[in-house]
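Its first residue numbered 46, the sequence shown is counted upward by one per residue in the numbering used here. Notes to accompany the following structure.
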Amino acid sequence: MSQRFTSGRVPASGMRELFATEHRWSQWLRVEAALAQAQAEQGMIPAEAAEAITAACRPEALDLEEVRRERDRTSHPLMPLIVELSRAVGEPHGGWVHWGATTQNITQTGDVLVLREAHHTILTQLARLLDALAALAEQGADMVMAGRTHGQHAVPVTFGFKVAAWIDELDRHVTRLRQLEPRLCQAIVGGAAGTFAALGDEPERLQEEISRRLGLLPMAVPSRATADHFAEFVCALGLLAGTGGKIAREVYTLMKTEYQEAEEPVPAGTIGSSTMPQKRNPQLCQDVLGLTAEIRSLVPLALEHLHNEHEADHAPSDLFAAQERACVLTGDTLERLIVILSGLRVDPERMRANLALSGGMISAEAIMLRLGTSIGRQHAHDVVYEASQRAATGGGSFPELLAADPRVTAHLTEDDIATLLDPATHTGRSASLAHAASRRAVASAADLREHLTP
Numbered sequence: 046m047s048q049r050f051t052s053g054r055v056p057a058s059g060m061r062e063l064f065a066t067e068h069r070w071s072q073w074l075r076v077e078a079a080l081a082q083a084q085a086e087q088g089m090i091p092a093e094a095a096e097a098i099t100a101a102c103r104p105e106a107l108d109l110e111e112v113r114r115e116r117d118r119t120s121h122p123l124m125p126l127i128v129e130l131s132r133a134v135g136e137p138h139g140g141w142v143h144w145g146a147t148t149q150n151i152t153q154t155g156d157v158l159v160l161r162e163a164h165h166t167i168l169t170q171l172a173r174l175l176d177a178l179a180a181l182a183e184q185g186a187d188m189v190m191a192g193r194t195h196g197q198h199a200v201p202v203t204f205g206f207k208v209a210a211w212i213d214e215l216d217r218h219v220t221r222l223r224q225l226e227p228r229l230c231q232a233i234v235g236g237a238a239g240t241f242a243a244l245g246d247e248p249e250r251l252q253e254e255i256s257r258r259l260g261l262l263p264m265a266v267p268s269r270a271t272a273d274h275f276a277e278f279v280c281a282l283g284l285l286a287g288t289g290g291k292i293a294r295e296v297y298t299l300m301k302t303e304y305q306e307a308e309e310p311v312p313a314g315t316i317g318s319s320t321m322p323q324k325r326n327p328q329l330c331q332d333v334l335g336l337t338a339e340i341r342s343l344v345p346l347a348l349e350h351l352h353n354e355h356e357a358d359h360a361p362s363d364l365f366a367a368q369e370r371a372c373v374l375t376g377d378t379l380e381r382l383i384v385i386l387s388g389l390r391v392d393p394e395r396m397r398a399n400l401a402l403s404g405g406m407i408s409a410e411a412i413m414l415r416l417g418t419s420i421g422r423q424h425a426h427d428v429v430y431e432a433s434q435r436a437a438t439g440g441g442s443f444p445e446l447l448a449a450d451p452r453v454t455a456h457l458t459e460d461d462i463a464t465l466l467d468p469a470t471h472t473g474r475s476a477s478l479a480h481a482a483s484r485r486a487v488a489s490a491a492d493l494r495e496h497l498t499p
């Protein structure tokens, strides 16, 4: 996967290293060691063989270049590693390597160990992101800005309220990711077709013991055709990408010259254009938009891989490629969002200036509701609608039209109208929702860190 030109200013997530071939092999070797240990415990193989196999299940004990050459020659993902492991174990114990197991038992279970590390990394990043958003929600809790629906001024909100909505979504993604963890982190040790036929007299107990040694759960039915838990993980990352992309799109929009209400960090020396020196481009937001679009595109691919044929086919191994891609892209996305949101510059003065662009009409609801207490909501709607539409089409200013309408002045004083036209008087619970969301984000981040601590 190619690096983006912004990578020099964004910390690496560490995700690529988790999916590197040698790291995957090291996890496959962990499974081979756990298999041998559990089998020795049940008397399936000699205890001395298990000790020798365990001692050899280290990448540095093997000729990995030979494994690569043989993988290319044989076109098999695991057999060259097994042959090299058997050679490293030597006689008389090398013949007990990989006893009764099939390739997918080792590769899938080892890859689950990689996915668990990736899952841990993502949750760690989310804790950092929630901390950044908590601070941003507090900062913007009382920062009045235009609330926009369908791209138009609607009613006033605060910037903190906007951030509170982001926190709310991200917190649900955290819940989803934590709930799927026990379903994702399962070992599959059922043999050639998942029936335990070659795994001794107590195969269920064998799988449980292997799982315990690896810190995983055993599959209830170790069918090699089962992949819904992997597809679920990709779907959850797709949902997370939906929120991440939405946040980036919002910052991208607020950063436009016509808005200038917020700006992602633009370090000194950052160049936006080779020909337009003034450009301060939303580079990281654009990165996130591209990254998250690709993550979401992997969801239908993951769902397609649920269609396995009979007891096994290529689907689970192909699905791992989609999971790898989704995890790496998610890691890059979250690091960029952390940089954007922890260093976001917000401009309350520009927000105030933009509030005034509609000439007071952003307060139309407040005036309608206050007037409605005297003449009824629908009648008040008609009165305020008439004034706002005339103002929108050049028939005068909204405040002046209200002040000249006896249907309004009969019930509202000049001071009443002036107060109601102040956007800060009609932000509802924006501030309290922002403060509450900030507290939840801090608590959720702390809970995540406790959960992730060994």
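Note that the Cβ used here is the ideal one computed from N, Cα and C, for glycine as well.
Boundaries of the alpha helix (DSSP H) around residue 345: 328-349.
Distances from the alpha-carbon of residue 260 to those of 281, 228 and 240 put 228 closest.
Fewer than three beta-carbon pairs drawn from the region 210-218 and the region 422-433 are found closer than 8 Å, and the two stretches are therefore not classed as touching. Excluding residues up to 5 positions away in sequence, 138 lie with their Cβ nearer than 8 Å to the Cβ of residue 93 in the same chain. In this structure, residue 182 and residue 475 do not form a Cβ contact; the two beta carbons are roughly 11 Å apart against a cut-off of 8 Å.
For residue 386, the closest of 492, 294, 411 and 353 by C-alpha to C-alpha distance is 294. A Cβ-Cβ separation of about 6 Å places residue 384 in contact with residue 329 under the 8 Å criterion. For the set 453, 129 and 89, the Cα lying nearest the Cα of residue 103 is the one of 129.
About 5 Å separates the Cβ atoms of residue 201 and residue 472, confirming a contact at the 8 Å cut-off.
Between residue 188 and the set 491, 470 and 496, the nearest pair of CA atoms involves 470.
375 is the residue among 375, 262, 277 and 314 whose C-alpha sits nearest the C-alpha of residue 334.
The residue among 280, 327 and 315 with its C-alpha nearest the C-alpha of residue 301 is 327. Residue 433 counts as buried, since at least 16 other C-beta atoms from the protein chains shown sit within 10 angstroms of its C-beta.
Residue environment analysis places residue 402 among the exposed positions, since fewer than 16 neighbouring C-beta atoms fall within 10 angstroms of its C-beta. When the alpha-carbon of residue 429 is set against those of 406, 203 and 341, the nearest one is in 406. As DSSP reads the structure, residue 197 sits in a beta bridge with 194. When the beta-carbon positions are compared, residue 368 and residue 279 come within less than 7 Å of each other. As a beta-bridge residue in DSSP terms, residue 390 pairs with 308. In this structure, residue 175 places its C-beta atom within 7 Å of the C-beta atom of residue 486. For residue 172, the uninterrupted alpha helix (DSSP H) run begins and ends at 148-184, by DSSP.
A straight-line Cα-Cα distance of about 41 Å links residue 373 and residue 398.
For residue 131, the enclosing alpha helix (DSSP H) stretches over residues 124-134. Under DSSP, residue 231 shares a beta bridge with 262. A direct Cα-to-Cα measurement between residue 445 and residue 435 gives close to 11 Å.
Judged by DSSP in its simplified three-state form, residue 418 adopts helix.
Straight across, the Cα-Cα distance linking residue 190 with residue 451 is about 31 Å.
Excluding its 5 nearest sequence neighbours in each direction, residue 153 has C-beta neighbours in its own chain below 7 Å: 233 and 361, listed in chain order. For the pair of segments examined, the region 455-462 was found not to touch the region 143-158: the number of CB pairs separated by less than 8 Å stays below three.
Taking every protein chain shown into account, the CB of residue 365 has 16 or more other CB atoms within 10 angstroms, so this residue is buried.
Annotation: residue 304 to residue 442 spans about 23 Å, alpha carbon to alpha carbon. One thing to note: residue 98 has its Cβ within 7 Å of the Cβ of residue 81. Here residue 117 is exposed, its C-beta having fewer than 16 other C-beta atoms within 10 Å. Distances from the alpha-carbon of residue 151 to those of 160, 198 and 70 put 70 closest.
For residue 142, the three-state secondary structure derived from DSSP is coil. Counting along the chain, the unbroken alpha helix (DSSP H) around residue 296 starts and ends at 273-299.
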